[in-house]
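Throughout the sequence shown, residue numbering follows numbering that gives the first Met the number 0, covering 0 to 328 in sequence. We treat Cβ as the ideally placed atom computed from N, Cα and C, and that holds for glycine. Bear in mind the structure is a predicted one, so any value in this text is a computation, not a measurement. Working notes, beginning with the structure itself.
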Amino acid sequence: MQIPKNMEKKGEDKKQESLNVAYYPGCSLNSTAIDFNHSIKKLFRVLDIGLEEIEDWNCCGTTPAANVSHEIATALSARNLLLAKKMGFEEILSPCISCYCKLFKAADVLNEGDENKPAPLIKKRKEIFEILNTMGASPNQQLNFKIYSLVEMLLNNIDTVNKKYLENRDRIGELQRRILDNLDPVCYYGCVLLRTENVTRFDSMENPTSMEKILSAVDIKSRSFSFKTECCGAILSLTHKNIVLKLSKMILDAAIEAGANSIIVCCQLCQQNLDMRQSQINRHYRTNYRIPVYYISQILGMKMGISYRDLMIDKLFVRPETVRKPALR
0 MQIPKNMEKK
10 GEDKKQESLN
20 VAYYPGCSLN
30 STAIDFNHSI
40 KKLFRVLDIG
50 LEEIEDWNCC
60 GTTPAANVSH
70 EIATALSARN
80 LLLAKKMGFE
90 EILSPCISCY
100 CKLFKAADVL
110 NEGDENKPAP
120 LIKKRKEIFE
130 ILNTMGASPN
140 QQLNFKIYSL
150 VEMLLNNIDT
160 VNKKYLENRD
170 RIGELQRRIL
180 DNLDPVCYYG
190 CVLLRTENVT
200 RFDSMENPTS
210 MEKILSAVDI
220 KSRSFSFKTE
230 CCGAILSLTH
240 KNIVLKLSKM
250 ILDAAIEAGA
260 NSIIVCCQLC
270 QQNLDMRQSQ
280 INRHYRTNYR
290 IPVYYISQIL
300 GMKMGISYRD
310 LMIDKLFVRP
320 ETVRKPALR
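Here you go:
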């Protein structure tokens with residue numbers, strides 16, 4: 000990660016004050032998941048990690064573009080990477096899991112020179128640079144993009160997370176303290192973040208522990224959870240809602256069986272399916288779930304003394320201040 004030049008001091012006072020990375024929010028974090036975006040920015044400000052939003056970024060292409068053309072989908076994400084490069088960054092934080100995967104694939108195509116790639120990837124790299132030739136990019140460039148998910152970025156800076164928690168824990172407000180004192184969570188990663196393990200490399204695909212380690216750094220213990228990488232239904236919420244309700248109900252059931260009263264997530268689509276659709280699940284299955292579903296950035300933010308409203312926790316469908324311990328089924 001880069002240290003901004005204007006933050007370097009000369010002589011004996013020279014020290015590392017801040018880290019900077021390029022930030023790619025993606026479309027959903029500027030619309031349906033604005034609370035995720037907002038809480039990340041608030042948290043990283045406390046962590047002294049600068050987020051430089053990529054100028055003039057575009058949609059990553061997500062699933063629809065790939066269904067039409069893999070080349071166009073890759074080019075859409077590659078354009079974002081080259082824009083970050085123009086800003087002086089090759090390390091990029093992408094909190095949206097779908098965007099993360101698309102940028103990751105584009106980086107695999109763009110990185111390094113042709114001499115290190117198999118023939119099909121060399122051909123694809125050439126095609127992508129031809130599509131993006133108006134940007135002045137050259138296939139002869141030696142590129143080394145590194146794409147981070149939110150979880151990996153926090154894990155890499157876990158010492159800073161712990162340090163800032165210790166510095167700010169006396170600033171935790173009364174409402175946040177009540178929520179945190181009542182917190183008895185499980186960590187839910189979703190089905191996409193760590194697939195495949197030999198590509199993402201920072202955690203186990205079947206039994207990840209990164210979020211648990213990060214939460215432990217701020218004195219939060221989470222319960223063992225067997226459904227931590229099961230699918231919530233993802234984008235089937237648009238076409239097959241009943242499948243989403245069934246899969247999400249299984250995750251809620253497993254959380255209760257684990258003894259938890261809340262779920263901590265790192266994916267906005269998982270958060271929406273488990274939080275927003277709880278009332279639909281209750282109507283469909285005649286259940287009585289009241290399980291708050293937090294972003295990990297919101298929980299860490301509260302532990303850093305950031306206010307309830309600044310983290311947009313008041314936008315949750317299941318409001319944490321109404322939840323008893325343990326959660327109801």
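In the structure shown, E51 adopts extended strand secondary structure according to DSSP, grouped into three states. With contacts defined by Cβ atoms closer than 7 Å, Y164 and K302 form a contacting pair.
The alpha-carbon separation between Q277 and Y288 amounts to approximately 7 Å.
The continuous alpha helix (DSSP H) containing K123 extends over residues A118 to I130. Where K145 is concerned, there is no enclosing alpha helix (DSSP H), although the beta strand (DSSP E) around it starts and stops at K145 to Y147. DSSP, reduced to helix, strand and coil, places L165 within a helical segment of the structure shown. Residue pairing of S261 in beta bridges, as defined by DSSP: P184. Looking at M134, V292, K145 and E205, the one whose alpha-carbon comes closest to that of F226 is E205. In this chain, Y288 is not harboured by any alpha helix (DSSP H), its DSSP state being neither H nor E. Judged by their CB atoms, I263 and V191 are not nearer to each other than the 7 Å cut-off.
Taken atom to atom, the span from the alpha-carbon of L193 to that of E89 is near 21 Å.
A direct Cα-Cα distance of roughly 12 Å separates A136 from E126. Boundaries for N19: no alpha helix (DSSP H) harbours it, while the beta strand (DSSP E) harbouring it runs L18 to Y22, taken from the DSSP string.
In this structure, I298 and N260 do not form a Cβ contact; the two beta carbons are roughly 13 Å apart against a cut-off of 8 Å.
About 6 Å separates the CB atoms of G232 and S247; that is less than 8 Å, so the two are in contact. Within the DSSP bridge table, the entry for Y293 names I263 as partners. With contacts defined by Cβ atoms closer than 7 Å, A74 and E51 do not form a contacting pair. Contact annotation, L120 with C59: C-beta distance approximately 19 Å; criterion of less than 8 Å not satisfied. Of the other Cβ atoms in all chains shown, fewer than 16 fall within 10 Å of the Cβ of Q141; this residue is therefore exposed. Nearest to N139 by alpha-carbon distance, out of E129, S148, I146 and Y147, is E129.
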